[in-house]
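Numbering (our numbering), first residue to last: 9 to 641.
We put the beta carbon where it would ideally sit given N, CA and C, even for glycine.
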Amino acid sequence: MKVSPNYNLRQAILDSGIQIDSSCGGVGTCGRCLAKVNEGKVKTKKTGLISPGKKEKGYVLSCLSKVQSDLIIEIPRQRKARAKIVDGVFAEIKSKKYSDINRSEISSVQIKPWIKKEAITVEKPSLSYGTSDLYRLKKSVREKLGIENCIVPIHLTRKLPRVLREKNWEITVTADKENATLIDIQPGKTGSKCYGLALDIGTTSLVIYLVDLGNGKIISTESEYNPQIKFGEDIINRIIYAGKKGGLEKLREIVVDSINNMIWKLLFNSRIDADNIVSLMVAGNSTMMHLFYGVSPRYIREEPYVTVANKFPGSTASEVNIKHIKNAYVYSIQGVASYLGGDITSGILATDMFKKEELTLFMDLGTNGELVVGNSEWMMGASCSAGPAFEGGGVKCGIRAVDGAIEKVSIDQRTYKCQVEVIGGGKPAGICGSGLIDVIGEMYLKGVIDRKGKFNQEIGNKYLKCEDKICHYVLVNGRDSANRRDIYISEVDIDNLIRAKAAIYAGIKTLLEEVDLNVDDLEKIYIAGGLGRHLYVKNAIVIGMLPDVEVKKYFFLGNTSVTGAYLSLLSEDKYKQSSDIADHITYIELSVNMKFMDRYVAGLFLPYTDMKDFPSVEESLYSPDKKIKSRFK
């Protein structure tokens, strides 16, 4: 391919269509976008993220390199993560572990979607009743569907005379009740069968359900990774990229292309006529929704941190470049604020916590770390931006929770050898968020690291390696890994994870203190998102990420964003409730909250500066085993 002199090497690789890992969005901090220069010259900035050995072999960070001549480059083989397809609406809660969402209540939701498809008979004109076709159509729609002064778009008006007369004034109308708009008109009685799509646009993944709007049945599902990841794993890096020339259009184009691809697969696998798909309900965080609609998210990251809109107006599928389903109308779940979006509103809807008296904490432990605390009387929310560490980002051997990821870790107290459990059961290729939490908790309890996350070099641990004053702990030897390289965790990785867990706990503590409550007042804690699927709560408490309360108070809910979108798709009452929920949540901006800053700094220790916040951890450290106790003096 041709590029101009001084063109960014990473961008050239992306332009060619080749995927390259760059979780930091190309700002030179993750060290993952390695490229080997076999021929030619590049101008590259100095970085400490490449080992001396690799530098000698010609490796550079592509994001920090500019093309200076004709090049032949080699990109190291990168493991392609496979997204797992969600199997049905409550795939994650089929086990008792996820049973706290009331499935019977959800299954009994009154099915009353916004979109109606009805056969009607329009009154014939006559010499004594010579009103227009359009007037008589609107009159029939009002009488049959209860929609006053419905809007009939011009493309439907153009075909109205033919459609009315083709089957002797009997027609089938598809109407959007919320916007009082006709979506389609067809001659004759074509039946009332119609379908909808529920879509979650996550920072990391996309999940979509094909739903029978007559009975609520999930016909088929698809999921993919959000292709925007290659431009940054977190929303801040994507907002920055969106501000570049052509960046917003590119981010929108690639996510819409993926959505169109998933819709095509749903249609192909189900053999359902695309004309019968009448609605698409979308949930996502505020940044994802801005990018989906092609609206600049710039001011989400600039003080005073505001969105262009918390709820976007309904539109036709074609208006947002959604293909295959030309008759569908697109809705979105209302968000709360810049960093508390419709995905959280959707999750609150799915849990019904807004109807219950119990004091409940809802957490989505993804990249953005959203929190909502409250009950039927009040709700307060915030985002504590934990970063991508708990999804494998910013960690040298970190990967997402896919086949090959280490999800659980235990350490032998005598030998310090790690025993690992791997998603899918094969050889490990890296470690995901739950595994990282496990290994830090285990290292702390077994005396491998101290409260600051620094390695104890006096215990004779043969799995601890130090080079150039940087130490790392080998979890899996290269001969036993999928890529033949050691899988390890370094002090730099531990520091990143401690900062991430500190942000989450500080957010929880600050929210509760705003209403003069503490963690002991919590009656239930809901954990949404992929991390909860593999999380071992006790180790999350040990490291000071989650409150030290009874484990039985914790419930894991999986993807509540798509669940809430599904409910809103089926029921206009649920959709209205979602907007009521968003309006009811008081948002706290933690980035300018001094209490949050103080709690965050206090959280930069394991588990926390004041051990009184974590009595069970303190008790486990001061066990009868004096050797363990002495390491923590």
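Item: Looking only at its own chain, which residues have a Cβ that is under 8 Å from the Cβ of S304, when we skip the five neighbours before and after it?; Value: A250, G251, L256, H298 and V316
Item: Express the C-alpha separation of K175 and N362 in angstroms, rounding to a whole number.; Value: Before going further, note that residue 362 is Phe rather than Asn in the sequence given. About 49 Å.
Item: Measure the alpha-carbon distance for P169 versus D141 and round it to whole angstroms.; Value: 7 Å
Item: Report yes or no: do the segment 531-542 and the segment 417-428 share at least 3 C-beta pairs separated by less than 8 Å?; Value: no
Item: Under 8 Å by Cβ, that's how I've got V219 and Y574 pegged, so tell me the actual separation to the nearest angstrom.; Value: 6 Å
Item: Tell me which residue opens and which closes the beta strand (DSSP E) that M388 is part of.; Value: M387 to S391
Item: Would A274 and S231 be called neighbours here (beta carbons separated by less than 8 Å)?; Value: Here residue 274 is Leu; the residue named in the question, Ala, does not match the sequence. Going by C-beta atoms, L274 is not nearer than 8 Å to S231.
Item: Put A291 into one of helix, strand or coil per three-state DSSP.; Value: strand
Item: T518 to P312, Cα distance in whole Å?; Value: 20 Å
Item: Note down the Cα distance separating S266 from K477, rounded to an integer number of angstroms.; Value: 44 Å
Item: Please classify L153: does DSSP put it in a helix, a strand, or coil?; Value: helix
Item: Which value, in whole angstroms, describes the spacing of the CA atoms of A413 and G433?; Value: 9 Å
Item: When you compare only the Cα positions, how much space is there between Y347 and V380?; Value: 12 Å
Item: Per DSSP, N16 is paired with what?; Value: K74
Item: Determine the DSSP secondary structure at P305, reduced to helix, strand or coil.; Value: coil
Item: Nearest to I551 by CA position, among S628, Q465 and D351, is which residue?; Value: S628
Item: Drop a sphere of 10 angstroms on the beta-carbon of L22, count the other beta-carbons inside from all chains shown, and report buried for 16 or more, exposed for fewer.; Value: buried
Item: Suppose the cutoff is 7 Å on Cβ atoms and the five residues either side in sequence are ignored; what does the same chain contact list for I448 look like?; Value: I502, L505 and I551
Item: In the DSSP assignment, find the beta strand (DSSP E) that holds P195 and state where it starts and stops.; Value: T189 to P195
Item: State the Cα-Cα distance for the pair A409 and D29, rounded to the nearest angstrom.; Value: 16 Å
Item: Alpha carbon to alpha carbon, how far is H480 from S579?; Value: 53 Å
Item: In terms of residue numbering, what span does the alpha helix (DSSP H) encompassing F276 cover?; Value: G255 to S278
Item: Assign F563 to one of three DSSP states: helix, strand, or coil.; Value: strand
Item: Curious, which full-length alpha helix (DSSP H) runs of at least 4 residues does the segment 576-610 contain?; Value: 580-592 and 602-610
Item: How would you call L135, buried or exposed, if buried means at least 16 neighbouring beta carbons within 10 angstroms?; Value: exposed
Item: What does the Cβ neighbour count give for V407, buried or exposed, with the cut at 16 atoms within 10 Å?; Value: For the sequence presented, residue 407 should be read as Ile rather than Val. Burial call: buried.
Item: Among the candidates T212, Y301 and I226, whose CA atom is the shortest distance from the CA of N329?; Value: Y301
Item: When you compare the CB positions of G349 and G292, do they come within less than 8 Å of one another, or not?; Value: yes
Item: In the DSSP output, what is H480 paired with across the bridge?; Value: K473 and S498
Item: Label F604 either buried or exposed according to how many other C-beta atoms from any shown protein chain fall within 10 Å of its C-beta, with 16 as the threshold for buried.; Value: buried
Item: Considering just the uninterrupted stretch of the beta strand (DSSP E) at S346, what are its terminal residues?; Value: Here S346 belongs to no beta strand (DSSP E), and DSSP marks it neither H nor E.
Item: Given this structure, state the Cα-to-Cα distance separating I93 from A282, to the nearest angstrom.; Value: Confidence is the limiting factor: at I93 the pLDDT is only 33, short of 50, which leaves the residue's position unreliable and the question unanswerable from this model.
Item: Given a threshold of 16 other Cβ atoms within 10 Å of its Cβ, counted over all protein chains shown, does K102 qualify as buried or as exposed?; Value: Interpretation of K102 is limited by its pLDDT of 35, a score under 50 that renders its predicted location unreliable; no figure is taken from the coordinates.
Item: Helix or strand or just coil, what does DSSP make of Q27?; Value: coil
Item: In this structure, does DSSP put S384 in helix, strand or coil?; Value: coil
Item: Report yes or no: do three or more beta-carbon pairs, one from the segment 360-375 and one from the segment 451-466, lie closer than 8 Å?; Value: no
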